[in-house]
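Visitor: For reference, the structure I am asking about is given below.
Residue numbers (UniProt numbering), protein chains in the order written: chain G, 1 to 460; chain Z, 1 to 460.
Here is the structure:
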C-alpha cells in the first residue's frame, strides 16, 4: 500500500478494512457486466456509518471517485470501478438492526442479501415482497440504489414502495436520516425518493427501514403455452380480471431452449412460440375454480394451447425455474441485454414492431425474449456467437439498440425498465429523459455531490 | 388594470383570463387558514399548459412571485397570496383527458376535483382510492402538491402511490413530462416524486396520470366506544390482524360533542372518552363473522364498551359522518390545528405525553383530538374562545406547539403529517428535517426555480 492517498486514509481510519489485493480489486471492481476492466484504487470494507462518512470525506479531500458496491449483480455497469476509484463494499454492514411488530418495519444495514431479508420477514410471519432471481447475492442497498423491480411488481410495486426510511451518506459525507419510518410526513421534499434509483450518484445508503406486509394466501403457479404474440396480452387481461395475480411472466421458445439445456425439465411434449408463468392466490376451492375456468376460456379462445398447474410447492418451484433460470442459462453466451418498458397498453404494438426490427437486424444472432409483461417490461437478450469478437458484437448490438430506441421513443417507453442506466445505457439516456430533465438531474447531483466524487461517470 | 406588469402579461397572453376584482383577489388569495390577509397582484385562470408556461416566464421577467391555486382547502397557508403575487388558479383546467382500460390510467388536468376523479373511476368500474372530507372542493393538483393522505392511507397509501405520470411547469417555465405512465422506468432520478409534496415551490402540476385499481369488496363500517386511551392501539392491532381494513379512525368525546351540535345523530346513549370508526371488507358471511368475533373479543377484554355496525349504505354514511363532519363542525371556532405523526408503535407513549402536556398548558381551551390512528397521524384542534383576540390566541397556541415539538422530536415524529408546511408550520421545519436536509432542499429549489418565484416564502 504505497499510494500516499491510501496511507492517508489508513491514518484517518485506522480500523478500516482495506485491500489492494489484485483478486479483490478484480472481484469488487465489477458487476455482472463484463465489458469493463476493473481498475479500482483499493477496496474498502467499512463496518460502520462513521467509516463510510470518513471514506467519503477523505475522497473529497484527495479527489478520488467513490463507487458503492453491493452484491454486484447489476447488469448496467453501475458498480464498475475502472478508473482508479475507491470501492466502498457494504459486505460487512449486513446485519438486521431492528424489527418492530406494530410498525411492521424491519431495519437493516445495506449489505444484507435480499434473500436474508425474505427469511427474516418470514420468521416474523410477514413478507418483504420485492423478489427476483438474484435474491441470494444482491444486497438491499443495491436494490434501493436501482429501485429494483422483479417478478412481483404487478402486485407489490418496485422497491420504492417498501422503503419507510433511509440513512444516507451524501457526497459531502453528511449523514441524512430520511423519513424515519413515518407513514405520513408532509414536511418538504421527500429526499428518500430522490435517493431511491439514483444509482449511487448522490450518496451511499447506509441503513434502510423496510415495510413488511402480510403474506398472501396460498398460491398456485400455472404455465401456459401461447401460440401467438397477440394472444399474450389477451391472456394477461383475462388473468388480471379473474385472478388475484402475484406474477405474470413470459418467455419465448428460445429462452426455454436455453433453460432446458441448462438442466431444467421440459414442461410440454411440443414446443410453442411463447410461454407464460403466472402465480395467483388459491386460498380456497372458489379461487381454484376461477383459475380452472380462466384456463378453459383461454383454451377455448385458442389463446392458449397447453397448460400445467402446480399442485405442490415442488411443482411450483419447477415451473418457476423455467422462468427464473433463464438469466443464468444465458450467461455463458455473454448476452447483450436490453431491458425496455412501455405502458402496458403499448406492449402489443411495440412487441410486433420490435420483433420485425430484430429479425431484420439480427438474422444470424440468437435473440431471447422474456420478461414481466404485466408491467410492460421486456428483456431482450442477444447472444454472442462463439466465434465473434466481443467488441464487434457489442458494436453491432449497440447499432440495433439505436434503432430500438427510436421505436421505444414512438411508444413512450424507457430504455431502462429496472436495470438502471449505469454505464451501459448512458448513451441513450436522452431518449428517455428530456434535456430539461437531464439538466435538473445534473443540478441536483451538484447539490448533493459538489465535487462529483459519487459513482463518477455513471448515469449522468 | 393599470399595473404595467399586468398590461405586459395581457399583451403577451391576450387570451389569458385575468382578474383584479377585489372579490376574486380575496377568494383566490387564501386557503382554509384565515390568518393572512389576501393581497395578490392579480388572479389568472389559464386554460392551457402554454398559458401556464407564459405566466411563469413573465413572472421571471418582472420578478413577481407565483402562487399555484387549487381548491384552496389547505390548512397550512400553502396557497396564500399575501404579498403581491400572481395567483395561478387551475379552476379552468379541470377536464378528464384520457382513460386507458388496459393501463388503468386516468389522465386529468390539475383543476379537477377529487370527487370528480372518484366518480369517473367508478363509472369505469375502478377506484381512485385517495379520499378525505374535502373531496368535493379540493383539486387533484393540490392533492399532488401536498401528497394528500386522508382516511384510506392505511390500505392504499398517500397520493404519491397513485401517480403514474406528471406534467410539470418548472420555475423557469420549462415543461417536464415525467414518467409517462410507465410501471417500470429506472432511468435516473425520479423527479415525479420530488414534485409530489413540494407545495408548489418547484413548479406547477399541469397534468396528472393517475393509477386506478379494482374496487374492494363490499364493506361494513363499525363504530366503537373506547373507554381508555391505551385501549385504542390494542383495538387497532386486533382489527388489523383479523380484518381487511380500509380505514381506522378515532376521535374524542369533545369531537363528538361538536359534530352532534352540528347536526349529526347521537350514536350511543352514554358518552365515552374515545370513539373508533373502522371500515373493513365484508364480502361474505365468513368476513362478517370475523368482524363480530373481533367486536366480542374487544368487549370481553374491556377495550370497548359499546358498538354499532352498519347494515346499509345509509347507516355506513351516518357512522362516517361522525368522523368526517368534525373539521366542518369546528370551523366556526377558528381552530388552531396541529397535524402530527409518529411511528405507529410510538402512538401510545406519544399520546399519553401529549395529553399531559395539553391539559397542563391548555386548561381553559377546548382541545379536540381526532385522526388516522392506524397511520400514526393525530389531529389536535384547539378552539378559540369566542372572547379571545385571534392574535393572542394564535400566540398562545404557538407557544404550546413549541413544547409539542420537543415531545414529537423525542418520539421521532413530524410536525406535519399530511397538511404540509406552508406558512403555518414553517417555524418548526427544523424540528423534522435536519440542517443538512434543509440545505439540500434549498439547493434543489434553486435548481428548479433559480429566481425564487415559485410560491415564495412557503415551506423553506
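Even glycine gets a Cβ: it sits at the ideal position worked out from N, Cα and C.
In the DSSP assignment, what residue or residues form a beta bridge with residue 275 of chain G?
Guide: For residue 275 of chain G, which the question treats as bridged, DSSP gives the partners G/225 and G/251.
Visitor: With 16 as the cutoff for other CB atoms within 10 Å, does residue 15 of chain Z come out buried or exposed?
Guide: Exposed, because fewer than 16 other Cβ atoms sit within 10 Å of the Cβ of residue 15 of chain Z.
Visitor: With a threshold of 8 Å between beta-carbons, can residue 303 of chain Z be considered close to chain G, or not?
Guide: Not closer than 8 Å to any Cβ of chain G, the Cβ of residue 303 of chain Z fails to qualify, so no.
Visitor: One question on the structure: do residue 425 of chain G and residue 438 of chain G come within less than 8 Å of each other, judged by their Cβ atoms?
Guide: Cβ distance not < 8 Å, so residue 425 of chain G and residue 438 of chain G don't count as in contact.
Visitor: Please report the straight-line C-alpha distance between residue 213 of chain Z and residue 157 of chain G, rounded to a whole angstrom.
Guide: Cα to Cα, the separation comes out at about 13 Å.
Visitor: Taking buried to mean at least 16 other C-beta atoms within 10 Å of its own C-beta, is residue 21 of chain G buried or exposed?
Guide: Under this definition residue 21 of chain G is an exposed residue.
Visitor: For the beta strand (DSSP E) containing residue 8 of chain Z, list its first residue and its last residue.
Guide: Here residue 8 of chain Z belongs to no beta strand (DSSP E); instead the alpha helix (DSSP H) covers 4-12.
Visitor: Answer with yes or no whether the minimum CB distance from residue 444 of chain Z to chain G is below 8 Å.
Guide: Closer than 8 Å: yes.
Visitor: Please confirm if residue 159 of chain G has its CB atom under 8 Å from at least one CB of chain Z.
Guide: Answer no: the Cβ-Cβ gap between residue 159 of chain G and chain Z never drops below 8 Å.
Visitor: Can you give me the start and stop residues for the alpha helix (DSSP H) that residue 428 of chain G sits inside?
Guide: Looking at the DSSP string, residue 428 of chain G is not in any alpha helix (DSSP H), and its letter there is neither H nor E.
Visitor: Which residues, in order along the region 338-366 of chain Z, keep a beta-carbon less than 9 Å from a beta-carbon of chain G?
Guide: Cβ contacts with chain G: 339, 341, 342, 343, 344, 345, 346 and 347.
Visitor: Could you tell me the alpha carbon to alpha carbon distance between residue 55 of chain G and residue 111 of chain G, rounded to whole angstroms?
Guide: The straight-line gap from Cα to Cα measures roughly 17 Å.
Visitor: Closest by CA to residue 491 of chain G, which one among G/349, G/227, G/190 and G/62?
Guide: Only positions 1 to 460 of chain G appear in this structure, which leaves residue 491 of chain G out of reach.
Visitor: From residue 413 of chain Z to residue 47 of chain G, what does the alpha carbon distance come to, in whole angstroms?
Guide: Rounded to whole angstroms, residue 413 of chain Z to residue 47 of chain G spans 29 Å at the Cα level.
Visitor: For residue 67 of chain Z and residue 88 of chain Z, which I take to be in contact (beta-carbon distance under 8 Å), what is that distance rounded to the nearest angstrom?
Guide: Residue 67 of chain Z to residue 88 of chain Z, Cβ: 7 Å. Contact.
Visitor: At which residue ranges does the region 73-131 of chain Z contain complete beta strand (DSSP E) runs of 3 or more residues, listed in the order of the chain?
Guide: Entirely contained in the region 73-131 of chain Z, the beta strand (DSSP E) runs reaching 3 residues are, in chain order, 86-89, 96-100 and 105-108.
Visitor: How many Å lie between residue 229 of chain Z and residue 257 of chain Z at the Cα?
Guide: For residue 229 of chain Z and residue 257 of chain Z, the distance between alpha carbons rounds to 18 Å.
Visitor: Quick check on DSSP: helix, strand or coil for residue 245 of chain Z?
Guide: In this structure, residue 245 of chain Z counts as strand in the three-state DSSP scheme.
Visitor: Is residue 411 of chain Z helix, strand or coil by DSSP?
Guide: If DSSP states are grouped into helix, strand and coil, residue 411 of chain Z belongs with coil.
Visitor: Cβ of residue 124 of chain G less than 8 Å from any chain Z Cβ?
Guide: So, not an interface residue.
Visitor: Between residue 397 of chain Z and residue 404 of chain Z, what straight-line distance do the alpha-carbon atoms span, to the nearest angstrom?
Guide: The alpha-carbon atoms of residue 397 of chain Z and residue 404 of chain Z are separated by roughly 10 Å.
Visitor: Give the single residue among Z/109, Z/321 and Z/371 whose Cα lies nearest to the Cα of residue 263 of chain Z.
Guide: For the residues Z/109, Z/321 and Z/371, the minimum Cα distance to residue 263 of chain Z belongs to Z/321.
Visitor: In three-state DSSP terms, what is residue 172 of chain G?
Guide: Three-state DSSP puts residue 172 of chain G in coil, outside helix and strand.
Visitor: Taking the Cβ atom as the reference point for each residue, do residue 64 of chain Z and residue 5 of chain Z lie within a distance shorter than 8 Å?
Guide: Cβ distance < 8 Å, so residue 64 of chain Z and residue 5 of chain Z count as in contact.
Visitor: Counting contacts by CB-CB distance shorter than 8 Å, is residue 369 of chain G in contact with chain Z?
Guide: Judged by the 8 Å Cβ criterion, residue 369 of chain G is not in contact with chain Z.
Visitor: For residue 481 of chain G, report the span of its beta strand (DSSP E) as first-last.
Guide: Outside the displayed span of chain G (1 to 460) sits residue 481 of chain G, for which this structure offers no information.
Visitor: So residue 278 of chain Z and residue 245 of chain Z are supposed to be a Cβ contact under 8 Å. How far apart are they, rounded?
Guide: Right, their Cβ atoms sit about 6 Å apart.
Visitor: Does residue 184 of chain Z come within less than 8 Å of chain G when only Cβ atoms are used?
Guide: Yes, its Cβ sits closer than 8 Å to a Cβ of chain G.
Visitor: Let me confirm a value: residue 314 of chain Z is counted as buried when at least 16 other C-beta atoms fall within 10 Å, else exposed. Which label applies?
Guide: It is exposed - the Cβ of residue 314 of chain Z has fewer than 16 other Cβ atoms within 10 Å.
Visitor: Determine which residues share a DSSP beta bridge with residue 139 of chain Z and list them.
Guide: For residue 139 of chain Z, which the question treats as bridged, DSSP gives the partners Z/113.
Visitor: At what residues does the beta strand (DSSP E) containing residue 338 of chain Z begin and finish?
Guide: 336-341 is the span of the beta strand (DSSP E), which, as asked, contains residue 338 of chain Z.
Visitor: With a threshold of 6 Å on Cβ separation, who are the neighbours of residue 338 of chain Z within its own chain once the five nearest residues in sequence on each side are excluded?
Guide: So the qualifying residues of the chain are 380.
Visitor: Could you tell me which residues DSSP pairs with residue 367 of chain Z in its beta bridges?
Guide: Answer is Z/382, bridged to residue 367 of chain Z.
Visitor: Are any of the Cβ atoms in chain Z nearer than 8 Å to that of residue 88 of chain G?
Guide: Answer no: the Cβ-Cβ gap between residue 88 of chain G and chain Z never drops below 8 Å.
Visitor: Only counting the same chain, and skipping five residues up and downstream in sequence, which positions put a Cβ closer than 7 Å to that of residue 99 of chain G?
Guide: Closer than 7 Å at Cβ, skipping near neighbours: 106 and 124.
Visitor: Name the chain Z residues that come within less than 9 Å of residue 146 of chain G, Cβ to Cβ?
Guide: 186, listed in chain order.
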